[in-house]
Structures are given as C-alpha cells and as structure tokens.
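Asker:
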Amino acid sequence: MSGKLLVIGTPIGNISDLGERALKALGEVDTIACEDPKETKKLFFHYKIPFAKRYIKCNDGNEKASANGILKLLQKGEMVGLCSSAGMPGISDPGFRVISAAVEHNMEIDVIPGPSAMTTALVASGLPSSSHLFLGFPPRKPVRQKKLLELEKTTAHTLIFYISPRHLKEFLQLAKEIVGDRNGAVAKDLTKKYQKFYRGKISEILQELGDEEFRGEAVVLIAGYNKSENDSEEEHPFNRMPLPRRS
-5 MSGKLLVIGT PIGNISDLGE RALKALGEVD TIACEDPKET KKLFFHYKIP FAKRYIKCND
55 GNEKASANGI LKLLQKGEMV GLCSSAGMPG ISDPGFRVIS AAVEHNMEID VIPGPSAMTT
115 ALVASGLPSS SHLFLGFPPR KPVRQKKLLE LEKTTAHTLI FYISPRHLKE FLQLAKEIVG
175 DRNGAVAKDL TKKYQKFYRG KISEILQELG DEEFRGEAVV LIAGYNKSEN DSEEEHPFNR
235 MPLPRRS
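Numbered per the working numbering, the sequence shown spans residues -5 to 241.
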C-alpha cells in the first residue's frame, strides 16, 4: 500500500494564518519534510500539535537526495507532510523535486493551500492583478538581471519578484533604467505587525526607501507594459480593469 504526500502551506509571517486543514495534517503525518525543523517545530509548539515521528531536512542543498528518501517512505505506506519555513512549497522554496518524484511514481498527493507572499503582495499592490508573471528570485549578477528585464520589458503582465533587501535598491534602479519609470510596489514583512507597502513610480519608491534597512525578503511588483502609454495604441487587454459580472 502506497502512502500519501501532503503539501502543506504554512504562515508567511503571522502564525495565526495557519489553516484548519493544515493544522490537522501536521498532526496526522508520520514524517515532516521541511527546510528547517527548528522553524517548523514552532508551529507544533504554538498549536500544541503532537510531534511527528520523524523530521527530514529538505532544502535547496539536499532536495534531490531528500526526494529519494521521501519517495521510499511513501512507497512503504507512510503519510509525509511537505512544508517550507514559510508559504507554499515549490513557490521559490524547496518542494518541486519532491512533488515531481511523487507524480512520476504515481503517489497520491494532496495540496493544502496556505498563504503566499506573491499573491498577498499582488492583491495589496494596487497594480493590475488579472494577469501577472511571477519570476521568483532574479539572477544575482546584474548582467543577468539586465537580460531578464530586457526580455520581459514589453510584456503586458504585472511582474513579480522576490528579492533580498540588500539587493533591493540596486534592482529597482536597474529596473527603472531598463523598463522605464513605471508604477510599482514593494512589500516587506507581509502579515506581520510592521508590514509595509511602498507604492508609486519606481523613482518614488526609491526615494521613499531612502536609507531604510529591513530584514527578510521583499516582494517587488512592476506594472506591465502599456501600449496606450508608450505607442499611442489601444491599451493591452491584460491592463484593463476587469469587466463587471452579469447578474
């Protein structure tokens, strides 16, 4: 009898955002595969969940090897919970290789949705949300960042990136040079007590950021290319406001 892989979304900041299904799943699985057991155990302590029999580290450095071990547990009939330290596994976090291996071997998979910094920031940004392109963490080298921005500068979709604070201002400055001084947004400390949003033109955001420093990861959003503003042509349909629903 094969087991089951539960992909569990966890809070991105506010620990109270753990859903009822996720809470139940964490208490039922035999094994927890996670980025950092110390971080994941905080959820067990907070919600007084009985600890799983086994914890497996599954991070960027060992995910391939972890996937093989998790697959063996599933084939033995175990129920394995897969979670990252925050957010949804596989979304700029470990998890893709584990899920792919489970799919390839016809293992049962159940995804328990949870918070995501990407969607949270998009909804709060004020930018068009009907069509967006999530690009995760941009390349570290500026020359590769430039190539990426050049490639996407005429897309009509709202662009979304994750980036470390220490590279934030340099990335925004480069984006302004490549795609122009478009509307954008930066979100930090999402769902936490001191969450903050910076909105406006990229130049305005840079000015507002000033010398401010903060920890964690930032979400950067940049408005998509608008033909009506750049070529005096009809606005791209992805940048239009959604049509009203008929009753």
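Don't be surprised by glycine CBs; every beta carbon is placed ideally from N, CA and C. None of these values were measured; they are calculated from a predicted model.
(1) Might you give, ordered along the chain, the residues of its own chain that have their beta carbon closer than 6 Å to the beta carbon of Met73, omitting 5 neighbours on each side?
(2) Closer than 6 Å by C-beta to Thr148: which residues in its own chain qualify, once you throw out the five before and the five after it? Chain order, please.
(3) Look up Ala217 in the DSSP assignment and say whether it is helix, strand or coil.
(4) Applying the criterion that 16 or more other CB atoms from any shown protein chain within 10 Å of the CB defines a buried residue, is His126 buried or exposed?
(5) Gly108 and Ala16 - do their beta-carbons sit closer together than 8 Å?
(6) Can Ile103 and Val214 be called in contact, C-beta distance under 8 Å?
(7) Could you tell me which of Tyr49, Phe38 and Pro133 sits nearest to Gly21, measuring between CA atoms?
(8) Alpha carbon to alpha carbon, what distance is there between Glu29 and Ser86?
(9) With distances taken Cα to Cα, identify the nearest neighbour of Glu164 among Lys35, Leu145 and Gln139.
(10) Going along the chain, which residues of its own chain have a beta-carbon closer than 7 Å to the beta-carbon of Pro133, five neighbours each way excluded?
(11) Can you have a look at Gly204 and say buried or exposed, based on whether 16 or more other CB atoms are within 10 angstroms of its CB?
(12) Identify, in the order they occur along the chain, each residue of the same chain with its Cβ nearer than 8 Å to the Cβ of Glu227, setting aside the five sequence neighbours on each side.
(13) According to DSSP, is Thr4 part of a helix, a strand, or is it coil?
(14) Curious, which full-length alpha helix (DSSP H) runs of at least 4 residues does the stretch 28 to 54 contain?
(15) Counting only runs of 3+ residues fully inside the stretch 39 to 124, write out the beta strand (DSSP E) ranges in chain order.
(16) Tell me, please, whether the stretch 116 to 124 touches the stretch 166 to 185 by the rule of three or more beta-carbon pairs shorter than 8 Å.
(17) Do Ile43 and Thr34 have their C-beta atoms within less than 8 Å of each other?
(18) Does DSSP classify Leu127 as helix, strand or coil?
(19) For Phe90, which of Gln69, Ala111, Leu145 and Ala59 has the nearest alpha-carbon?
(20) Hey, how far is the Cα of Arg185 from the Cα of Gly7?
(21) For the beta strand (DSSP E) holding Val180, just list the boundary residues, first then last.
Answerer: Result, derived from the coordinates:
(1) Gly(-3), Lys(-2), Val23 and Asp24
(2) Tyr219
(3) coil
(4) buried
(5) yes
(6) no
(7) Nearest of Tyr49, Phe38 and Pro133 to Gly21, Cα basis: Phe38.
(8) One C-alpha to the other measures close to 12 Å.
(9) Looking from the CA of Glu164, the closest CA among Lys35, Leu145 and Gln139 belongs to Gln139.
(10) Once the five neighbours on either side are set aside, the close Cβ partners of Pro133 are Gln139 and Leu142.
(11) exposed
(12) Because Glu227 sits at a pLDDT of 39, beneath the cut-off of 50, its placement in the model cannot be relied upon, and the point is left open.
(13) DSSP places Thr4 in the strand class (E or B) of the three-state scheme.
(14) 31 to 41
(15) 48 to 51, 73 to 77 and 102 to 106
(16) By the Cβ test, the stretch 116 to 124 is in contact with the stretch 166 to 185, since at least three Cβ pairs between them sit closer than 8 Å.
(17) no
(18) In this structure, Leu127 counts as strand in the three-state DSSP scheme.
(19) Ala59
(20) It should be noted that the sequence gives Thr, not Arg, for residue 185. Going by the C-alpha atoms only, they are around 5 Å apart.
(21) Asn177 to Lys182
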